[in-house]
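**Q**
Residue numbers (my numbering): 743 to 908.
Laid out in structure tokens, this is it:
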């Protein structure tokens, strides 16, 4: 007979019983991240038969389940626990599947588009700025040339009518 194990997420904060029973000891051994309190949203392993010696083999085969679940931020753990309490685990699994299969790829496509488009917009802005600076540079140069002609006219002591034409 094999032991059935479940990865659970607590829906509310629970204090572990203080009696030092074999089940409590094994529960804490299966879940070293839990000391005396199971906080809301905390993932933990639960098995239906604490007498089965095959459990150690099953636990060693999946060492990263709880570690991966612990990487979720506490706020996300609370949210997951609330969804689980309100809608049930089937709905939670369906929502996670929807996110993984549909929403996450769409967000990746949108992020990729935004990054590429922002580079394009940056290039367009640089081109517009370049043309404006070129126009400004040409206007400054034209003004500089006109001032040089005017200066030369003053130095040559041209009549006022000639200077006005410059």
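Even glycine gets a Cβ: it sits at the ideal position worked out from N, Cα and C.
Look at residue 758 and residue 780 and say whether their C-beta atoms are less than 8 angstroms apart.
**A** Yes, Cβ-Cβ distance for residue 758 and residue 780 is below 8 angstroms.
**Q** Let me confirm a value: residue 829 is counted as buried when at least 16 other C-beta atoms fall within 10 Å, else exposed. Which label applies?
**A** It counts as exposed.
**Q** Hey, could you find the ends of the alpha helix (DSSP H) residue 816 is sitting in?
**A** Its alpha helix (DSSP H) spans residues 816-829.
**Q** Does DSSP classify residue 776 as helix, strand or coil?
**A** Coil at residue 776, not helix or strand.
**Q** If you follow the alpha helix (DSSP H) that residue 788 is part of, which residue opens it and which one closes it?
**A** Careful: residue 788 lies outside any alpha helix (DSSP H), inside the beta strand (DSSP E) at 785-789.
**Q** Report the option in 846, 845, 790 and 824 whose CA atom is closest to the CA atom of residue 765.
**A** Considering only alpha carbons, the answer is 790.
**Q** Nearest to residue 815 by CA position, among 835, 785 and 844, is which residue?
**A** Ranking 835, 785 and 844 by Cα distance to residue 815 puts 785 first.
**Q** Taking just the CA atoms, how far does residue 855 sit from residue 743?
**A** The predicted model places residue 743 with a pLDDT of 48, which falls under 50 and marks its position as unreliable; any figure quoted below should be read in that light. Approximately 53 angstroms, taken between the alpha carbons.
**Q** Could you compute how far the alpha carbon of residue 822 sits from the alpha carbon of residue 834?
**A** The alpha-carbon atoms of residue 822 and residue 834 are separated by roughly 8 angstroms.
**Q** From the DSSP output, which residues share a beta bridge with residue 749?
**A** Beta-bridge pairing links residue 749 to 787.
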